[in-house]
Each structure stands twice: as structure tokens, then as C-alpha cells.
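> For the record, the sequence lines run as chains A and B. Counting from 1, one number per residue, gives the positions in the first sequence under the numbering used here. Counting from 1001, one number per residue, gives the positions in the second sequence under the numbering used here.
There are 2 protein chains.
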Amino acid sequence: MSEVYAARRTRLRDCCNAGGSAAALVSRPANVRYLAGAAPRGAVLLLGETEDLLVCAGPTDDGPGQARPDEALRVHALSPHAGDPAVAAAGLAAERGTDSLAVEEHHLTVARHRAIGSAAPRLRLADLACAVEQLRVVKDEEEISCLRIGAEIADQALGELLESILVGRTERHLALELERRLVDHGADGPAFPTSVAAGPNAGRRSHRPTDRRVEEGDFLSVCLGAAYRGYRCEIGRTFVIGTTPADWQIELYDLVFAAQRAGREALRPGAACRDVDRAARQVLDSAGYAEGLPPLVGHGVGLEIDEDPQLSPAAMGKLDACVPVTVEPGVHLPGRGGVRIDDTLVVRPEADGGPELLTITTKELLAL
Amino acid sequence: MSEVYAARRTRLRDCCNAGGSAAALVSRPANVRYLAGAAPRGAVLLLGETEDLLVCAGPTDDGPGQARPDEALRVHALSPHAGDPAVAAAGLAAERGTDSLAVEEHHLTVARHRAIGSAAPRLRLADLACAVEQLRVVKDEEEISCLRIGAEIADQALGELLESILVGRTERHLALELERRLVDHGADGPAFPTSVAAGPNAGRRSHRPTDRRVEEGDFLSVCLGAAYRGYRCEIGRTFVIGTTPADWQIELYDLVFAAQRAGREALRPGAACRDVDRAARQVLDSAGYAEGLPPLVGHGVGLEIDEDPQLSPAAMGKLDACVPVTVEPGVHLPGRGGVRIDDTLVVRPEADGGPELLTITTKELLAL
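1. May I ask you to list the residues that DSSP assigns as paired with A:Thr109?
2. Let me check understanding here. Comparing Cα to Cα, which of A:Leu135, A:Leu174, A:Ala191, A:Thr170 lies closest to A:Ile153?
3. If B:Asp985 sits next to B:Glu1328, beta carbons under 8 Å apart, how far is it from one beta carbon to the other, in whole angstroms?
4. Just tell me which of A:Arg232, A:Arg212, A:Gly298, A:Glu364 has its CA closest to the CA of A:Thr238.
5. Quickly, what does DSSP pair B:Asp1211 with across the bridge? List them, please.
6. Quick check: the Cα distance between B:Phe1257 and B:Arg1340, rounded to an integer number of angstroms?
7. Pair every Cβ in the region 283 to 301 of chain A with every Cβ in the region 167 to 186 of chain A, then say whether three or more of these pairs are closer than 8 Å.
8. Could you list the residues in the region 29 to 57 of chain A with a C-beta less than 7 Å from some C-beta on chain B, going in chain order?
9. Using a C-beta cutoff of 8 Å, does A:His185 count as contacting chain B?
10. Measuring straight from C-alpha to C-alpha, what distance separates B:Asp1320 and B:Asp1070?
11. Find the residues of chain B that neighbour A:Ala272, judging by a C-beta separation of less than 9 Å, and give them in chain order.
12. Would you list, in chain order, the members of the region 306 to 332 of chain A that have their beta-carbon closer than 8 Å to a beta-carbon of chain B?
13. How would you list, in chain order, the residues of chain A whose beta-carbon sits under 7 Å from the beta-carbon of B:Thr1180?
14. Pick from B:Ile1250, B:Thr1361, B:Leu1311: whose alpha carbon is nearest that of B:Gly1338?
15. Please identify the residue among A:Ser206, A:Thr194, A:His173, A:Arg180 whose C-alpha is closest to the C-alpha of A:Arg369.
16. Just reading off the beta strand (DSSP E) that A:Glu307 is part of, what are its end residues?
17. Which residues of chain A have a Cβ atom closer than 7 Å to the Cβ of B:Thr1109, listed in chain order?
18. A:Leu47 by DSSP, collapsed to three states: which one?
19. Within 8 Å of any Cβ in chain A, is that where the Cβ of B:Pro1190 sits?
20. Just to confirm before moving on: does the CB-CB distance between B:Cys1016 and B:Leu1047 stay below 8 Å?
21. So the alpha helix (DSSP H) B:Val1256 belongs to, where does it begin and stop?
22. Alpha helix (DSSP H) containing B:Arg1278: first to last residue?
23. Does the region 1100 to 1108 of chain B touch the region 1020 to 1037 of chain B, meaning 3 or more C-beta pairs lie closer than 8 Å?
24. Please tell me whether A:His76 has its Cβ less than 8 Å away from any Cβ of chain B.
25. Determine the closest residue to A:Leu25 out of A:Thr359, A:Leu220, A:Ala57, A:Asp52, with distance taken between C-alpha atoms.
26. At what residues does the alpha helix (DSSP H) containing A:Tyr34 begin and finish?
27. Does the beta carbon of B:His1299 come closer than 8 Å to any beta carbon on chain A?
28. Where do the N-terminal and C-terminal ends of the alpha helix (DSSP H) with A:Gly159 fall, by residue?
29. Over the uninterrupted alpha helix (DSSP H) stretch that includes B:Leu1178, give me the two end residues.
30. Just to make sure I have the definition right: I need the residues of chain B whose C-beta is within less than 8 Å of the C-beta of A:Pro295. Which are they?
31. Taking only beta-carbon atoms, is B:Gln1156 less than 8 Å away from chain A?
32. Could you name the residues of the region 197 to 226 of chain A whose beta carbon sits closer than 7 Å to any beta carbon of chain B, in the order they occur along the chain?
33. Please list the partners that A:Arg172 has in chain B, where partner means a Cβ-to-Cβ separation under 7 Å.
34. Less than 6 Å between C-beta atoms, sequence neighbours within five positions excluded: which residues of the same chain meet that for A:Ala39?
35. What does B:Gln1066 touch in chain A if you count any residue whose Cβ is under 8 Å from its own?
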């Protein structure tokens, strides 16, 4: 793996040098992990002209289950009261004779940025902007393999839940049980707080589970994901509780399913992100659900659960191959509930079989 | 409750005006919640000269189980694609003729701060610094009551775990079970990721649970907390698995217990924070454990699990009455394990009976 991290740092260095900075300070944890293999709490990565340095707030935690930093990387552990590693790293850059340092202005607070400036007053601070986030968009097969395993774990956890008795149990309990099952099957933990929404709550995006109990006739929507070696995927499904879904439930489900399929089918290298959004959105729009739709139809996933690209009406840019995204349209009818269907897929060229579906739990309307 | 929030905003307005700013923009979520009663995702609070405004990224989520904003507060919901509420709020302040706006420079990123400046170029931006955090340090009895209920919940969850069979179960499973029990007893959720550490992991601060199974003869340390109405408390205990603790275990436990007691006994209004740290630390120091001690002996708790004051060697400032803090010294011996004991207490004057212990689970060395 060490070569992978070194290659990523080389790409960033090239991009940084092209922008006129000899060195870069990476502080956003997911970016640090991407470039260094691990992001101990508070650690920053100093990408130097010749040598890179992982500056940590203390001795790195070599406990079991922790990701380890790339062994080719020098680790500089500060003493416990040395303060902010970002400030210390800027000081180290200045000592090495660096005159210009690109920092992540979208991550550093104004106060930290000022402290860096004070600690190294001769250093010219530039903006690295989202250079690392941009590198992270297209995944390598190793990364996709982590997402694939995470998706399998989420599918398993969801499948087991569906075999258990649901009526009478609360949203909170079902969510906790799903999270336990994710861990049972080898996840680092949930990729994000598991959402279980019953009855009138069903279909609400990012619904926080409550004490509402599952009842006969409910829509039940579930959204969960596993984190596996740091990579986070997402799956969402909606079910009906009881044996015969009502007509309005079947109609609404079929509509959201058609929207989600349209979104999935629009995924191809070169497709504009906003066109994927539109493909799904116009199915719902033309059925009269233009109001109250979520601001986006999907988003990238990886070391964070919500990454670039955004699949939204205002999104710029096009999809590339090997970009994993969610497609997750939904409709919520206040007081009645609703439907969300959410998959994680990898954009692949048609010659390779088109989009690769990672979350394979059935999307038939199951009556549980 | 509405008067409570209004009174808090009045105190902040006074403090802000004294600093030369007519208006303030509060963006840190716990600060927004403190002043507005709720912090919908992305929402910011604009504290105006005459009227305050909660600026939200979209319609506020009125789902069950969500905290509601103070009803006396005007809510301004942006349309889904209107962008950053902080930028919109600055624009609204400028429209209202405000000339100077204090912002939270320790929370806003450089990029957001710049976007605010561009959106309202005539607005002079000042630094609100940690004014809201300072207001939050001393709690009212309503807040302490939430912490007390959270502590009861954590005590109950821990008590039930101790009655179950522990040998053979993994750290991860025990942690998940504790979190389920917290929710069973009415918590919003865990106050922070529950830590369960067995054998050689015991006593490690913020240990992330692994697949290590609990064995006879192990030290087992557990650290958990409940969030209740947004308030977060913390309890940590260490046990021995099996019937007879070894001599080294008893000695180490007694030492950490003595350190923790010394810390608790040092809590009084007017005590210097660093003296509380020293009281506990010197017990461990003088027994030869100066190396590898955690950087602090305790910290404030409230709407966040780690707030001011910090009880550390370099801490400035003194304790006030009605400040809830943790006292949580520990020793970890690499390869062997260790002990941590952690309580949440409220600083009270001696006339009121001295520090109020919120987490009342026994601190005797239990052999389970």
C-alpha cells in the first residue's frame, strides 16, 4: 500500500507546485487519511519540498483496530501540551526554508489560520482549495473493493433484519439492532447514523429514529451503511408492513422506483451530474411531486459519506469512470409517510457492463 | 423556556455591544442550540440590533424527537439551493443597515469567512471569539437537571451490564449493548462513542472497542455517557473479571482511586483549574507514573462532551459554582492494561455540601 500513498502525495505535490506553492499543509482528516494511510486525532500532513511529515498531537495510537500511517512517512509526534499540530507543522515548514505553503482554507478556521500566520510570519500562505478532494473523486480498485465489502455487510445486516419480527418494535431499537449487525459482520462501525422511519415518518430524508413503533399497514424506510477500512457506503429501502400494500402505497412506490431507476440508468462516464439529477427528478416532477423534493438525488461516497460529486440541479461537472455515487430519490407525504430507495453504484463504461451496483438487496416492494 | 433563551441572547448582545459590534453571527452548532433552543442542520443565529433571526438551510425539521427552536425567535428558512446560511445571514444583516458583525472566527473556515465578506462588502467583520462558550460554562439548574438525568441513565445502563455475563464477549458487543441500554432508558443517544477496553487495552483513554474478548483475570474499563435533551455526561469505571484481583491490580486500582478522589476533593468555587489537575496528577506522579499520563485530568461537559474548563497543567482560570466537570485520571501499562475512573460532578460551595456527584455507580473495585 505504501506506493499507493506515495503516488497520491506525488500527484498532490505536482498540483501544488503548478499552483506556485512549494509545500502544502493538509488538515482535513479524510484528506490526511487519503494521503497518509491514517489520520490520528488532530494530525496534519506536511507535504514538503523533499520530505513529507505526519505531525501528530501526541504519540500515534498503535492500539488494535487503528489504521496505521504509511510506513514510508516520517511521523513527528508533538508533546502533549505543544498545541495545534497545524501551527507546529507550519513552524517546521518555515525552519526547512519553505517560503510558500498552501493550506486548506475550506477546512482551517480563521483563528487557526491566523495562528499559523503568527507562528511562521515569513511564510506566504496560499489556498490549496479542494485539491485533495478532487484527487479523491475517482477511486482505485482497492478503494472500490472496500466499498464493495461495506455494501455486502450492509446488505447482510438489512437482510437479517427483514427476517425478524418488526411489528411493535420502535424505530430506535431497529436502528440500534442494524448497527449491531453491521459490526457483527465486520464493519468498523456504521457509515453514518442509521435511519429507521415508520408510518408517517417513512420516506423522510435523514430521519432520526424515534420511539414510534412499527404498525401493520406502515411504510417502513431504512437507510444504513457500513464503514469498512474507512470507506463508507449507503443503502436505503422502503417496505410495507402487513400482507397487502394499499393502492396508494403501490403507486407511490412504483413512482419512486421508476425515478431511482432513471437516475441509475443515467450514470455513465461523461454524463453531466445535473443530468443524472434531472433524469430521476423529472419522473417525480411530472407526477406532481415537484414541491418538497430533496435538494439532490445523490452524491459521491468514499472516505466520507457525502463527497463530490453532488448530483443536484445546480451541479457543474461530469461523471468519470470509477466514481462511486448514491442514487436516492424519495417522496414524503406529510402525515402519511413515503418512500426512499437508495443504492450505491460505481460509474463504469458501457463496455464494462455499465454502472456497478454495490448494494444488491432487492428493490421489489416487499410486504413484511 | 423561551425567557431563558431570550435572557441568554440579551447577555450575548451586551457582551457583543461592549466589544463594539452591533450584531453577531453565531455558527457553531452547540452555541446556536444554546441561544435558540435548537440547531437545525446548517442553521446560524443572527443576533441583530433589534430582532434575532434563526437562518436555516431549509424548512426546519418538525419531525418527532427534534428539539424545537425558541418560539419567540423568527425563523428564516432558505430555499434548498440558496447556499450557506451564514452568508445569507450576513446579507440580511447588511440589508438591515448593520455596519459591524461579530463572527465566530474559531468556528468559521477561512473560505466561509471570505464568502461572508464578499456577500456583504460594507459590513465590518469582527471576532466574537468564544463569547458564547464562556456564557455556557456556568449552567442553570434546568441544564444541570438534564445532566443529572443523563447520568442516571448512564448509571442504569452500566448497572445492567454488570449483572450480565461478560466473559467471552467482545469489547464491540459490550459497547453496542451499553448504547442500546442508554436509548432504552430514554437517552437521545450516546453522549460520545462508548469505550469498552479489556485486558491489555483497559485503562486506555478513548479506546475504540475491538474484537478482543473479555477473559478471566482481565481488567475491564468502560466509559460511556448519555445525551439527554442535548446535554452530555460521562462515567468511567474499571472492573476485574474473575473472583480474585491480583495484587498488582489492587495496587494500581487503589492508586488511581486515590488520584481521582484527590481531584474530586479539589473541586470548589474559586479553585484554580490547574490545581485540580495537580491534586490528582501528583498522586500518580509520586507513585512513579509521571510518564504517559493523559494531558488533562478532566474537562467541562454540557451541550458538548468536551467543553471549558479544561483541568490541565497549563489551564488558566478558576472554577465557578454550577460548573459540571469530569474527573478522570487513569494509568495504562503497555501490554498489561490499566485503570481509569471517571465521574461527572457539579462544582458547588461547601455550604451546599460541596461537589455534587452525578454519576453514582460504586467506585469499589468490583470483581465480576
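Don't be surprised by glycine CBs; every beta carbon is placed ideally from N, CA and C. Predicted model only: the values in this text are computed from it and were never measured.
Looking at the atomic coordinates:
1. B:Thr1109
2. A:Ala191
3. This structure cannot settle anything about residue 985 of chain B, because the visible part of chain B is limited to 1001 through 1368.
4. Ranking A:Arg232, A:Arg212, A:Gly298, A:Glu364 by Cα distance to A:Thr238 puts A:Glu364 first.
5. In the DSSP secondary-structure assignment, B:Asp1211 is not bridged to any residue.
6. So the alpha carbons of these two residues sit roughly 8 Å apart.
7. no
8. none
9. no
10. 28 Å
11. Among the residues of chain B, none has a CB under 9 Å from the CB of A:Ala272; the nearest is roughly 17 Å distant.
12. Those would be Ser312, Pro313, Ala314, in chain order.
13. The sequence given here places Arg at residue 1180 of chain B; Thr does not occur at that position. Per Cβ cutoff of 7 Å: Leu176.
14. Put simply, of B:Ile1250, B:Thr1361, B:Leu1311 the residue whose alpha carbon is nearest the alpha carbon of B:Gly1338 is B:Ile1250.
15. Given a span of 1 to 368 for chain A in the structure shown, any question on residue 369 of chain A remains unanswerable.
16. 307 to 311
17. Glu105, His106, His107, Leu108, Thr109
18. strand
19. no
20. In this structure, B:Leu1047 lies closer than 8 Å to B:Cys1016 by Cβ.
21. 1247 to 1265
22. Residue range 1273 to 1286 is occupied by the alpha helix (DSSP H) that includes B:Arg1278.
23. The region 1020 to 1037 of chain B makes contact with the region 1100 to 1108 of chain B; the number of CB pairs closer than 8 Å reaches 3 or more.
24. no
25. A:Asp52
26. 29 to 36
27. No, its Cβ sits nowhere closer than 8 Å to a Cβ of chain A.
28. Its alpha helix (DSSP H) spans residues 141 to 162.
29. 1171 to 1184
30. Gly1058, Pro1080, His1081
31. So no, B:Gln1156 is outside the interface.
32. Going along the region 197 to 226 of chain A in chain order, one finds Asn201, Arg204, His207, Arg208, Thr210, Arg212 with a Cβ nearer than 7 Å to chain B.
33. Val1183
34. Pro29, Val32, Arg33.
35. Arg208
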